[in-house]
Amino acid sequence: QQQVRQSPQSLTVWEGETAILNCSYENSAFDYFPWYQQFPGEGPALLIAIRSVSDKKEDGRFTIFFNKREKKLSLHITDSQPGDSATYFCAATPNNNNAPRFGAGTKLSVKP
Amino acid sequence: GGIITQTPKFLIGQEGQKLTLKCQQNFNHDTMYWYRQDSGKGLRLIYYSITENDLQKGDLSEGYDASREKKSSFSLTVTSAQKNEMAVFLCASSLQGNTLYFGAGTRLSVL
Chain A
6 QQQVRQSPQS
16 LTVWEGETAI
26 LNCSYENSAF
36 DYFPWYQQFP
46 GEGPALLIAI
56 RSVSDKKEDG
66 RFTIFFNKRE
76 KKLSLHITDS
86 QPGDSATYFC
96 AATPNNNNAP
106 RFGAGTKLSV
116 KP
Chain B
262 GGIITQTPKF
272 LIGQEGQKLT
282 LKCQQNFNHD
292 TMYWYRQDSG
302 KGLRLIYYSI
312 TENDLQKGDL
322 SEGYDASREK
332 KSSFSLTVTS
342 AQKNEMAVFL
352 CASSLQGNTL
362 YFGAGTRLSV
372 L
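From first to last, the protein sequence lines stand for chains A and B.
Take 6 as the starting number for the first sequence in our numbering and just add one per residue.
Take 262 as the starting number for the second sequence in our numbering and just add one per residue.
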């Protein structure tokens, strides 16, 4: 049973548009939510992360919006670039520092 | 900076064979992980280890063994490879469970 759910499975946007990737979870013990970016043939790499005490985290064109009550978060990529084409994974780490659980990923394609 | 090295990069096995995957890190991180990546299913946790000689089962540990021989290395054994199995096995390390640093993966195919 997937502890972390992501949608959509795949997403295509045009260059310059905003891509919105969604994530939800059920375990209230999760309190740290990193997003990882993976290019073909490589391992995932940390993109941006948020703790459950915050409702927003911004880093350049990447922003996480977090709703603790609804157990939902989203990653917004503004001014999307072809180089952003990759698979994005939402992960959730419990407050006891147990191992992170990952969602199934969203494959993003940005068309020039 | 550091690096995670996974060997081999590609592994072809026969049905029923016991196969071992190796991982080395030079970050001096305490915690190491093994995840399995299947298309459409994301990353699923197999085993992790919070210190040398420690082992914790993940959500997908059945059919696998792991060994943390020393702080810098963590190996995974597929105890009996399944026919037509294809997956990528990813090793990672972290300091106290925050950012995970991943290797490039071992791609397994079973004939």
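Cβ coordinates follow ideal geometry from the N, Cα and C atoms, glycine included.
Everything numeric in this text was worked out from a predicted model, so none of it was measured.
Problem set entry | Close beta carbons around N101/A, own chain, < 8 Å, minus the five adjacent residues each side | Non-local beta-carbon contacts of N101/A in its own chain, meaning distances under 8 Å to residues more than five positions away in sequence, involve A34 in chain order.
Exercise. At a CB-CB cut-off below 9 Å, which residues of chain A make contact with T360/B?
Worked result: Residues of chain A passing the Cβ test: P39, L51, A54.
For this session: Find the nearest neighbour of M347/B within the set L369/B, N359/B, Y294/B, T338/B, judged by alpha-carbon distance.
Result: Ranked by Cα distance from M347/B, the first of L369/B, N359/B, Y294/B, T338/B is L369/B.
For this session: List the residues of chain B that R106/A touches, going by C-beta distances under 8 Å, in chain order.
Result: For R106/A, the C-beta contacts it makes with chain B under 8 Å involve L306, D320, in order along the chain.
For this session: Just the C-alpha distance for V58/A and T281/B, rounded to the nearest angstrom, thanks.
Result: When only Cα atoms are considered, V58/A and T281/B end up about 41 Å apart.
For this session: Answer with yes or no whether the minimum CB distance from G263/B to chain E is below 8 Å.
Result: Of the protein chains in the structure, A and B, none is chain E.
Exercise. Which residues of chain B have a Cβ atom closer than 8 Å to the Cβ of A109/A, listed in chain order?
Worked result: Simply G301, K302, G303.
Exercise. Is DSSP giving P105/A helix, strand or coil here?
Worked result: P105/A carries a coil assignment under DSSP once its states are collapsed to helix, strand and coil.
Problem set entry | Backbone CA spacing between P117/A and Q86/A [nearest angstrom] | For P117/A and Q86/A, the gap between their C-alpha atoms comes out near 8 Å.
Problem set entry | Backbone secondary structure at P49/A - three-state DSSP | Three-state result, P49/A: coil.
Problem set entry | When F350/B, N289/B, C284/B, K344/B are compared against D299/B, the one with the closest alpha-carbon | With distances taken between CA atoms, D299/B lies nearest to F350/B out of F350/B, N289/B, C284/B, K344/B.
For this session: Keeping to the same chain, check which residues put their C-beta closer than 7 Å to that of D89/A; ignore five residues upstream and five downstream.
Result: I82, L113, V115.
For this session: Please list the partners that A365/B has in chain A, where partner means a Cβ-to-Cβ separation under 8 Å.
Result: Under the 8 Å cutoff, chain A gives G46, E47, G48.
Problem set entry | Y309/B: contacting residues in chain A (beta-carbon distance under 8 Å) | Scanning chain A for C-beta atoms nearer than 8 Å to the C-beta of Y309/B yields A104, reported in chain order.
Exercise. Closest by CA to T68/A, which one among W40/A, R74/A, A109/A, A91/A?
Worked result: Looking at the Cα atoms, W40/A is the closest of the given residues.
Exercise. What are the partner residues of G274/B, as DSSP defines its beta bridges?
Worked result: DSSP lists V371/B as partners of G274/B.
Exercise. So which of T340/B, N345/B, S334/B, R329/B has the shortest CA-CA distance to K279/B?
Worked result: Closest in C-alpha terms to K279/B, from the list T340/B, N345/B, S334/B, R329/B, comes T340/B.
Exercise. Taking DSSP as the reference, what is the three-state secondary structure of G301/B?
Worked result: The three-state reading of DSSP puts G301/B in coil, since its state is none of H, G, I, E or B.
Problem set entry | Start-to-end residues for the beta strand (DSSP E) that takes in Q267/B | Residues 265-268.
Problem set entry | Contacts around Y37/A, its chain only, beta-carbon distance under 6 Å, and the 5 residues preceding and following it disregarded | Excluding residues within five positions, the ones whose Cβ falls inside 6 Å are R56, T98.
For this session: Could I get the ranges of all uninterrupted beta strand (DSSP E) runs contained in the segment 49-98 of chain A, with 3 residues as the minimum, in chain order?
Result: Qualifying beta strand (DSSP E) stretches, in chain order: 50-56, 61-64, 67-72, 77-82.
Exercise. By DSSP, does K331/B sit in helix, in strand, or in coil?
Worked result: Shown here, K331/B sits in a strand according to DSSP, grouped into three states.
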